[in-house]
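Visitor: For the sequence shown, the residue numbers in full-length UniProt numbering are 1 to 671.
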Amino acid sequence: MTGDIQSFLDFVSLHPHLAGLITFLTAAAEAIAIVGSLVPGTTILIGIGALVGYGHLELWPILAWAVAGAVVGDGISYWIGHAYKESIRQRWPFSRRPELIDRGEAFFLRYGALSVVVGRFVPVMRAIVPVVAGILGMRPLRFYVANIVSALLWAPAHILPGVLAGAALGGLGLVSKRLVIVLVGLAVLALLLVWLAKFLVAVSLRYLPRAQSAVARWADARRGRPAGAIFWLVSADHADFRLLVLLTAVLIGSVVGLAALFEGAVSGGALVRFDHAFSQFVQALRTVWTDAVMVAVTLLGDSSVTASVAVVASAVLLAHRRGRLAAGLLVVVLSSVVFVQGMKWVIDAVRPIDFARGASAFSFPSGHATLAAALYGALGWLFARSLKGIGRKLVLATLAGLIAAIAFSRVYLAAHGPSDVAAGLVFGAGVTAAFALVFRDTGLPSRAVLGLLAACGTAFVLVGAWHVVRNFEAGLAAYARRPPQPVTLTSAWREGGWRELPSARIDIAGEAEEPFLLQWRGSGASLAAQLEGHGWVQPPSWSLETLNGFVEASTAATALPVVPVFHDGHRPAVTLIRAGQWAGGAGRFVLRAWPQGIREPDGSRSTLLLASIVFEEVQHPWGQLSIPLRSKRAACDGDALLLPLPKAQAVGSARGADAGACGGRTILAQP
1 MTGDIQSFLD FVSLHPHLAG LITFLTAAAE AIAIVGSLVP GTTILIGIGA
51 LVGYGHLELW PILAWAVAGA VVGDGISYWI GHAYKESIRQ RWPFSRRPEL
101 IDRGEAFFLR YGALSVVVGR FVPVMRAIVP VVAGILGMRP LRFYVANIVS
151 ALLWAPAHIL PGVLAGAALG GLGLVSKRLV IVLVGLAVLA LLLVWLAKFL
201 VAVSLRYLPR AQSAVARWAD ARRGRPAGAI FWLVSADHAD FRLLVLLTAV
251 LIGSVVGLAA LFEGAVSGGA LVRFDHAFSQ FVQALRTVWT DAVMVAVTLL
301 GDSSVTASVA VVASAVLLAH RRGRLAAGLL VVVLSSVVFV QGMKWVIDAV
351 RPIDFARGAS AFSFPSGHAT LAAALYGALG WLFARSLKGI GRKLVLATLA
401 GLIAAIAFSR VYLAAHGPSD VAAGLVFGAG VTAAFALVFR DTGLPSRAVL
451 GLLAACGTAF VLVGAWHVVR NFEAGLAAYA RRPPQPVTLT SAWREGGWRE
501 LPSARIDIAG EAEEPFLLQW RGSGASLAAQ LEGHGWVQPP SWSLETLNGF
551 VEASTAATAL PVVPVFHDGH RPAVTLIRAG QWAGGAGRFV LRAWPQGIRE
601 PDGSRSTLLL ASIVFEEVQH PWGQLSIPLR SKRAACDGDA LLLPLPKAQA
651 VGSARGADAG ACGGRTILAQ P
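#1: Counting Cβ pairs, one atom from each stretch, are 3 or more of them under 8 Å apart for the segment 537-546 and the segment 250-270?
#2: Given a threshold of 16 other Cβ atoms within 10 Å of its Cβ, counted over all protein chains shown, does residue 269 qualify as buried or as exposed?
#3: What are the boundary residues of the beta strand (DSSP E) that includes residue 492?
#4: When the Cα of residue 326 is compared with those of 442, 447 and 481, which residue comes out closest?
#5: Note down, in chain order, each residue of its chain lying with its Cβ closer than 7 Å to the Cβ of residue 614, except the 5 sequence neighbours on either side.
#6: DSSP puts residue 629 in a beta bridge; with which residues?
#7: Taking the alpha carbon of residue 29 as the point to measure from, which residue in 60, 68, 608 and 59 has its own alpha carbon closest?
#8: Going residue by residue through the segment 629-665, where are the continuous alpha helix (DSSP H) segments of at least 4 residues, counting only ones entirely within it?
#9: Mark residue 551 as exposed unless 16 or more other C-beta atoms lie within 10 angstroms of its C-beta, in which case mark it buried.
#10: Just how far apart, CA to CA, sit residue 3 and residue 625?
#11: Take the Cβ of residue 530 as the centre, count every other Cβ of all protein chains shown within 10 Å, and call the residue buried at 16 or more, exposed below.
#12: Beta carbon of residue 306, beta carbon of residue 396: below 8 Å?
#13: Is the beta carbon of residue 26 closer than 8 Å to that of residue 45?
#14: Span of the beta strand (DSSP E) holding residue 121?
#15: Hey, would you say residue 19 sits closer than 8 Å to residue 48, going by beta carbons?
#16: For the alpha helix (DSSP H) containing residue 594, list its first residue and its last residue.
#17: Please identify the residue among 134, 106, 155 and 271 whose C-alpha is closest to the C-alpha of residue 506.
#18: Looking only at its chain, what residues have a beta carbon closer than 7 Å to the beta carbon of residue 107, apart from the 5 residues adjacent to it on each side?
#19: Along the beta strand (DSSP E) that carries residue 513, what are the first and last residues, could you check?
#20: Taking DSSP as the reference, what is the three-state secondary structure of residue 668?
#21: Closer than 8 Å is the cut-off here; do at least three beta carbon pairs connect the segment 321-341 with the segment 407-422?
#22: Measuring CB to CB, does residue 131 end up less than 8 Å from residue 104?
#23: Cutting at 6 Å between CB atoms, please list the residues of its own chain near residue 488, excluding the five before and the five after it.
#24: May I have the straight-line CA-CA distance separating residue 336 from residue 343, to the nearest angstrom?
#25: Going straight from the alpha carbon of residue 435 to that of residue 378, what length do you get?
#26: Identify which residue in 583, 578, 281 and 365 has its Cα closest to the Cα of residue 481.
#27: For a quick check, are the C-beta atoms of residue 163 and residue 53 less than 8 Å apart?
#28: Does residue 173 come out as helix, strand or coil in the three-state DSSP assignment?
#29: From residue 147 to residue 394, what does the alpha carbon distance come to, in whole angstroms?
#30: Where do the ends of the beta strand (DSSP E) carrying residue 505 lie?
#31: Once you ignore the five residues that flank residue 150 on each side, which residues in its own chain have a CB closer than 7 Å to its CB?
#32: In whole angstroms, give me the CA-to-CA distance for residue 155 and residue 136.
#33: Give me the residue from 557, 644 and 610 with the minimum Cα distance to residue 620.
#34: Check whether the segment 452-467 touches the segment 295-309, counting contact only when three or more Cβ pairs, one atom from each stretch, lie closer than 8 Å.
#35: How big is the Cα-Cα spacing for residue 74 and residue 142?
#36: Determine, using beta carbons only, whether residue 573 and residue 595 come nearer to each other than 8 Å.
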């Protein structure tokens with residue numbers, strides 16, 4: 001693959017005039033009606049721009065070719081419309097997509113001559129507006145003035161981003177030309193995949209109504225309950241039935257989801273381990289300013305703010321004589337409160353950090369996530385049924401963003417684990433679905449819905465601002481990051497206390513991975529110093545130079561950086577590698593060690609390092625790359641690698657391991 005891309009770059013360098021022709025044809029095709037939707041023009045032009053930035057092509061000729069192509073493409077579309085006028089609606093391919101002409105006319109009548117300029121930057125409109133301009137009799141001189149102006153703006157907008165990317169890649173090329181080729185290839189492939197996805201979605205949406213009608217006719221022509229159910233599901237005349245089925249499915253899905261989360265929380269298995277590992281991972285990402293933002297967001301989800309919005313919303317509904325809606329909204333909020341408090345007492349799961357008392361001290365489920373999802377979900381349903389156009393989209397997007405922000409803030413601040421928040425969101429979705437089922441045919445007049453929106457927004461902003469200002473400092477203190485707690489040993493470390501420490505690495509998903517074979521009572525530097533005498537070395541750090549090793553065809557295992565893995569959400573404190581062979585394969589052993597605090601029975605504290613070892617072999621896909629992957633051969637022997645350490649003592653029974661990981665007895669060692 002890299003050889004093909006390099007050949008293309010060399011070809012373009014030797015034949016720059018062909019690059020200009022490709023630019024011209026691509027820009028022209030982008031502007032020709034119907035054809036423009038079939039050509040990945042943006043991808044090609046950005047790629048050509050990258051070649052300019054990389055130094056293979058001159059900028060100004062490419063810009064000139066792009067402008068010329070854009071002008072010619074729009075001109076062709078204009079003269080097609082000018083020649084056929086309204087009869088074009090009956091001609092293929094426009095006869096298959098008459099709605100395009102209607103949309104183009106509406107766009108043109110709205111913006112006039114400016115539509116030629118603006119439409120150039122709007123998908124679909126780019127190729128159809130010039131046709132409509134010709135149909136409606138826009139004068140050629142006026143059209144070409146707008147056409148040229150739009151081309152002068154459009155061409156740099158598509159070429160210059162690629163130029164900047166190419167210039168950046170040119171800087172990387174000083175380190176490795178091969179690395180640049182691979183990155184360019186990946187970028188082009190990504191752009192092509194995005195274009196293909198958009199194209200397939202557009203085609204699917206085009207033919208979906210036809211497929212829907214065909215299935216409806218097929219089902220209507222047959223008898224029996226299955227055919228009748230299919231007809232009701234796909235017929236355009238039964239949209240309300242489809243909505244009923246969808247809401248019922250959401251409600252049933254929420255019940256099933258809650259049952260699964262409840263079982264996971266009670267059993268204390270992988271879900272609990274996942275919560276802890278993911279929470280620790282997020283804690284490592286915390287910063288001072290994100291702490292401040294997340295504390296403010298979580299305060300906006302406090303019950304005082306949520307209750308204020310609920311009360312104001314109910315009052316507005318009552319003022320507009322919508323008592324059933326107001327009662328339904330209060331039922332949503334009260335049922336959420338009962339669910340949260342009841343589940344906390346039943347499960348009594350411990351929070352990641354201790355900062356509350358009573359039922360609030362328990363973790364499952366998240367009250368903030370539950371109330372936010374339930375209240376703002378129910379309000380979102382009312383707004384969705386009552387608002388139209390861009391206003392509805394903005395309101396729903398704002399409510400969804402608010403729910404997501406409050407939910408994430410609880411995980412970020414370690415107030416809850418992910419499953420606690422997930423339970424709240426799932427319950428909120430179920431309650432919203434139930435609310436929607438009851439009031440699926442209920443909407444509000446524009447005056448009432450605008451009043452509800454204004455009142456709820458005002459209550460949220462005023463009460464929320466007051467609550468945040470009043471409790472911000474206390475929130476920062478309550479949600480301050482806590483250091484990891486040490487493991488309290490019931491017996492001295494070497495006298496059996498080692499058994500109470502984690503026996504295997506726990507990944508982000510909460511699953512047990514390779515076993516910990518070494519417990520080192522000393523610093524990371526002392527461990528590295530002791531192992532260096534036995535062939536262990538520090539791995540190369542991540543940089544452009546070492547990154548280049550991945551795209552070379554024959555990079556040695558010890559010349560490649562090590563991909564970090566996590567234990568309980570933490571990165572390793574020590575990483576060492578050693579060249580070697582195992583089970584007939586050549587590669588490297590990788591030792592990773594994580595700190596673990598302990599408290600001895602006498603009250604003294606110290607920090608151990610828990611280490612695991614895996615064996616990696618370098619794979620060479622397509623004979624072009626060098627990728628270190630965990631070996632699929634039999635498990636390696638950790639005892640032989642670790643027993644040379646000072647004061648080493650093998651304890652416990654030998655433990656097996658999955659392929660590629662080292663097994664053996666637990667080794668206790670110290671300087």
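Note that beta-carbon positions come from the ideal geometry of N, C-alpha and C, so glycine has one too.
Guide: Based on what the coordinates show:
#1: no
#2: To locate residue 269, count along the sequence shown from 1; it is residue 269. Residue 269 should be labelled exposed.
#3: Working through the sequence shown from its first residue, we reach residue 492 at position 492. No beta strand (DSSP E) contains residue 492, which DSSP labels as neither H nor E.
#4: Within the sequence shown, residue 326 is the residue found at index 326, counting from 1. Checking every option, the nearest Cα to that of residue 326 belongs to 442.
#5: Translated into the one-based positions of the sequence shown, residue 614 becomes position 614. These residues qualify, in order along the chain: 514, 590, 630, 660, 661 and 662.
#6: Start at 1 with the first residue of the sequence shown, and residue 629 comes out as number 629. Paired residues: 617.
#7: Along the sequence shown, one-based indexing puts residue 29 at 29. Nearest C-alpha to residue 29: 68.
#8: Correct list: 639-642.
#9: Against the sequence shown, residue 551 aligns to sequence position 551. Its Cβ being crowded by 16 or more others within 10 Å, residue 551 is buried.
#10: Mapped onto the sequence shown, residue 3 falls at position 3. Mapped onto the sequence shown, residue 625 falls at position 625. Caution applies to residue 3, whose pLDDT of 46 falls short of 50 and renders its modelled position unreliable; the model cannot decide the point.
#11: Indexing the sequence shown from 1 puts residue 530 at position 530. Answer is buried; the Cβ neighbour count reaches 16.
#12: Residue numbering aside, residue 306 sits at position 306 when the sequence shown is read from its first letter. Residue numbering aside, residue 396 sits at position 396 when the sequence shown is read from its first letter. Taking the C-beta atoms as reference points, residue 396 is found no nearer than 8 Å to residue 306.
#13: As a working mapping, residue 45 is identified with position 45 in the sequence shown. As a working mapping, residue 26 is identified with position 26 in the sequence shown. The answer is yes: Cβ separation under 8 Å.
#14: Taking the first residue of the sequence shown as 1, we reach residue 121 at position 121. Element bounds for residue 121: n/a, residue is neither H nor E.
#15: Working through the sequence shown from its first residue, we reach residue 19 at position 19. Working through the sequence shown from its first residue, we reach residue 48 at position 48. The answer is yes: Cβ separation under 8 Å.
#16: Taking the sequence shown and counting its residues from 1, one reaches residue 594 at position 594. Run containing residue 594: none in the alpha helix (DSSP H); it sits in the beta strand (DSSP E), 585-599.
#17: Walking along the sequence shown from the start, residue 506 turns up at place 506. Ranking the options by Cα distance to residue 506, first place goes to 271.
#18: Position 107 of the sequence shown, counted from the first residue, corresponds to residue 107. Excluding positions up to five away in sequence, the list reads 115, 119, 125 and 129.
#19: In the sequence shown, counting from the first residue as 1, residue 513 sits at position 513. Looking at the DSSP string, the run of the beta strand (DSSP E) that includes residue 513 is 512-515.
#20: For the purposes of this step, residue 668 is identified with residue 668 of the sequence shown, where counting begins at 1. Strand at residue 668.
#21: no
#22: Here residue 131 refers to the residue found at position 131 when the sequence shown is read from its first residue. Here residue 104 refers to the residue found at position 104 when the sequence shown is read from its first residue. Residue 104 sits close to residue 131, with the two beta carbons spaced by under 8 Å.
#23: Residue mapping note: residue 488 aligns to position 488 of the sequence shown, counting from 1. Around residue 488: 599.
#24: For the purposes of this step, residue 336 is taken as the residue at position 336 of the sequence shown. For the purposes of this step, residue 343 is taken as the residue at position 343 of the sequence shown. So the alpha carbons of these two residues sit roughly 11 Å apart.
#25: What you label residue 435 is simply residue 435 of the sequence shown in a count that begins at 1. What you label residue 378 is simply residue 378 of the sequence shown in a count that begins at 1. Taking the straight line joining both Cα atoms gives about 7 Å.
#26: The residue you call residue 481 lines up with position 481 of the sequence shown. Here the closest residue by C-alpha is 281.
#27: Here the question's residue 163 lines up with position 163 in the sequence shown. Here the question's residue 53 lines up with position 53 in the sequence shown. Yes, they are a contact pair.
#28: Along the sequence shown, one-based indexing puts residue 173 at 173. For residue 173, the predicted model reports a pLDDT of 47, less than 50, meaning its position is unreliable; a value from the coordinates is still stated below. Reduced to three states, the DSSP call for residue 173 is helix.
#29: Here residue 147 refers to the residue found at position 147 of the sequence shown. Here residue 394 refers to the residue found at position 394 of the sequence shown. Rounded to the nearest angstrom, the two C-alpha atoms are 33 Å apart.
#30: Numbered from 1 along the sequence shown, position 505 holds the residue referred to as residue 505. Segment 504-506, the beta strand (DSSP E) holding residue 505.
#31: Numbered from 1 along the sequence shown, position 150 holds the residue referred to as residue 150. Contacts found: 116, 117 and 120.
#32: Here residue 155 refers to the residue found at position 155 when the sequence shown is read from its first residue. Here residue 136 refers to the residue found at position 136 when the sequence shown is read from its first residue. Cα-Cα distance, rounded: 27 Å.
#33: Taking the sequence shown and counting its residues from 1, one reaches residue 620 at position 620. Among 557, 644 and 610, the Cα nearest to that of residue 620 belongs to 557.
#34: yes
#35: On the sequence shown, residue 74 is found 74 positions in, with the first residue counted as 1. On the sequence shown, residue 142 is found 142 positions in, with the first residue counted as 1. One C-alpha to the other measures close to 13 Å.
#36: Along the sequence shown, read from residue 1 onward, the residue named residue 573 stands at position 573. Along the sequence shown, read from residue 1 onward, the residue named residue 595 stands at position 595. Yes, Cβ-Cβ distance for residue 573 and residue 595 is below 8 Å.
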